[in-house]
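Read through the structure below, which is laid out as structure tokens, and then see the notes.
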Amino acid sequence: MHEMALMGDILQLIEKDARSRNMEKIEKVELIVGDLSNALPDALEMAFTIFRARGLALLSEQSELVIKKEAARAKCTVCGFEYNPDARLSICPKCSLPSGILTAGETFKVQSYEGS
Amino acid sequence: MKIDLDVEVLADNNTAASYNRDLFEKNKTLVINLMSSPGAGKTTLLEKTVARLGKEYRIGVIEGDLATEKDADRIRAFGAQAVQINTNGGCHLDARMVAKVLPEFDFDDIDLLFIENVGNLVCPSGYDLGQNHKVAILSVPEGNDKIPKYPVMFRRTEMVVLNKIDLLPYLDFDVKMAMEDLLGINPQSRLIQVSSRTGEGLDEWLSWIKQAYKQNVER
Ligand SMILES: Nc1nc2c(ncn2[C@@H]2O[C@H](COP(=O)(O)OP(=O)(O)OP(=O)(O)O)[C@@H](O)[C@H]2O)c(=O)[nH]1
Ligand SMILES: [Mg+2]
Ligand SMILES: [Zn+2]
Numbered sequence: 005m006h007e008m009a010l011m012g013d014i015l016q017l018i019e020k021d022a023r024s025r026n027m028e029k030i031e032k033v034e035l036i037v038g039d040l041s042n043a044l045p046d047a048l049e050m051a052f053t054i055f056r057a058r059g060l061a062l063l064s065e066q067s068e069l070v071i072k073k074e075a076a077r078a079k080c081t082v083c084g085f086e087y088n089p090d091a092r093l094s095i096c097p098k099c100s101l102p103s104g105i106l107t108a109g110e111t112f113k114v115q116s117y118e119g120s
Numbered sequence: 003m004k005i006d007l008d009v010e011v012l013a014d015n016n017t018a019a020s021y022n023r024d025l026f027e028k029n030k031t032l033v034i035n036l037m038s039s040p041g042a043g044k045t046t047l048l049e050k051t052v053a054r055l056g057k058e059y060r061i062g063v064i065e066g067d068l069a070t071e072k073d074a075d076r077i078r079a080f081g082a083q084a085v086q087i088n089t090n091g092g093c094h095l096d097a098r099m100v101a102k103v104l105p106e107f108d109f110d111d112i113d114l115l116f117i118e119n120v121g122n123l124v125c126p127s128g129y130d131l132g133q134n135h136k137v138a139i140l141s142v143p144e145g146n147d148k149i150p151k152y153p154v155m156f157r158r159t160e161m162v163v164l165n166k167i168d169l170l171p172y173l174d175f176d177v178k179m180a181m182e183d184l185l186g187i188n189p190q191s192r193l194i195q196v197s198s199r200t201g202e203g204l205d206e207w208l209s210w211i212k213q214a215y216k217q218n219v220e221r
């Protein structure tokens with residue numbers, strides 16, 4: 005995707021919150037990135053490194069990015085079976101009906117940050 | 003100190019999208035966000051749509067493009083009001099870009115607003131623009147692998163317009179397989195087949211729009 009821009013949004017959001025609490029440094033950023041969110045963790049890491057190298061958004065050399073990946077999970081609304089979906093993710097592997105819904109995998113969130 | 007923010011990365015976009023949605027809703031304007039890879043035929047389909055519906059409905063078009071005014075000019079040639087958004091290399095439209103150009107339209111005078119997103123099957127899928135309907139266009143020369151390869155786009159759209167079906171006899175695109183792939187990824191979606199070149203299948207597309215317009219006004 006456009007991970008530089010996304011990381012810019014993420015850091016802006018955090019910086020705003022940190023400044024409102026009179027913080028001067030952001031030490032750690034924690035994201036949750038779902039497999040089906042379209043955001044790529046490696047590219048986010050790379051973007052974070054670039055922002056950090058420039059000392060932007062209250063980041064310093066010690067600042068760290070932690071990405072928690074959220075795997076895709078699905079549940080069949082007919083038979084209740086829970087499964088790790090493949091390409092045809094709505095097809096329940098147990099009853100073969102197109103009745104599976106995603107229960108995880110689409111999240112793209114800033115979970116928390118640490119600052120001082 | 004640890005702060006638990008727990009906020010969507012696209013929260014700001016979603017706020018702007020609800021602003022747009024309120025405006026559309028107040029004016030009973032039906033808004034359709036069209037997404038596809040580059041060259042699938044978004045502008046051509048819109049030209050045909052404006053030509054066929056332009057007498058019955060007042061139509062506005064927002065054209066998202068990396069850098070040019072070409073697509074907006076093509077639409078104007080068919081008599082609809084078109085506003086260009088240049089993303090300056092950006093790979094998608096977001097709700098704020100759309101909000102910024104909305105004052106250029108007189109919403110008392112617009113029944114249908116089409117938004118042609120930037121040609122890209124990945125990035126536009128994540129951005130709510132405040133539209134009523136999201137539609138993906140897929141074209142026959144792109145091949146069968148696109149639906150399984152870009153599941154997020156096809157999950158987040160409610161219809162796939164399969165365009166360029168005039169080319170089916172010359173290429174190996176398998177329509178039945180595409181329908182099965184789509185069902186497997188998004189059972190709520192449907193696929194309609196059109197050729198914006200020959201006009202085949204356009205009636206189904208146009209009657210879907212009319213139906214959607216009617217439902218939106220009566221809501
Ligand atoms: N054979 C055939 N060609 C088509 C059809 N629809 C569009 N084309 C051609 O496909 C090319 C691309 O069409 P456009 O409408 O410009 O595609 P687009 O999706 O708007 O492209 P971008 O805005 O660049 O992403 C043009 O040369 C069209 O004439 C069709 O149904 N059949
Ligand atoms: Mg175009
Ligand atoms: Zn089942």
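These protein sequence lines map, in sequence, to chains A and B. The first sequence begins at 5 in the working numbering and counts up by one. The second sequence begins at 3 in the working numbering and counts up by one. Cβ coordinates follow ideal geometry from the N, Cα and C atoms, glycine included.
Check: Length at least 4, wholly inside the segment 123-198 of chain B: the alpha helix (DSSP H) runs in chain order; Outcome: 148-151, 153-157 and 177-187
Check: Under 8 Å by beta carbon: chain A residues contacting N188/B; Outcome: S94
Check: Distance cut-off 6 Å: D73/B Cβ against heavy atoms of ligand 2; Outcome: yes
Check: Per-residue contacts from L10/A into chain B (C-beta, under 7 Å); Outcome: V11
Check: Beta carbon of A97/B nearer than 7 Å to that of A180/B; Outcome: no
Check: Beta-bridge pairing of G38/A - partner residues as DSSP gives them; Outcome: E74/A
Check: For V136/B, the nearest candidate out of V33/B, L25/B and E10/B (CA to CA); Outcome: It is worth fixing the name first, because residue 136/B is Lys in this sequence and not Val. Among V33/B, L25/B and E10/B, the Cα nearest to that of K136/B is on V33/B.
Check: Distance between beta carbons of N134/B and N218/B, contact taken as under 8 Å; Outcome: 6 Å
Check: Cutoff 7 Å: A91/A Cβ touching any chain B Cβ; Outcome: yes
Check: Those residues, in chain order, that have a beta-carbon closer than 6 Å to some heavy atom of ligand 1; Outcome: S38/B, P40/B, G41/B, A42/B, G43/B, K44/B, T45/B, T46/B, D73/B, G121/B, N165/B, K166/B, D168/B, L169/B, S197/B, S198/B and R199/B
Check: Pair within 7 Å by beta-carbon distance, I112/B and T51/B; Outcome: no
Check: Cβ-based neighbour list, L63/A, same chain, cut-off 7 Å, excluding 5 preceding and 5 following; Outcome: I30, F55 and R56
Check: Q83/B to I149/B span [Cα, whole Å]; Outcome: 32 Å
Check: Inter-stretch contact at 8 Å, needing at least 3 Cβ pairs: the segment 63-70 of chain B / the segment 110-124 of chain B; Outcome: yes
Check: Residue range of the alpha helix (DSSP H) that includes I211/B; Outcome: L204 to E220
Check: The beta strand (DSSP E) enclosing K113/A, as first and last residue numbers; Outcome: F112 to G119
Check: Short CB-CB distance (under 7 Å) between I14/A and chain B; Outcome: yes
Check: Nearest neighbour of E118/A, chosen from E7/A, D21/A and F52/A [CA to CA]; Outcome: D21/A
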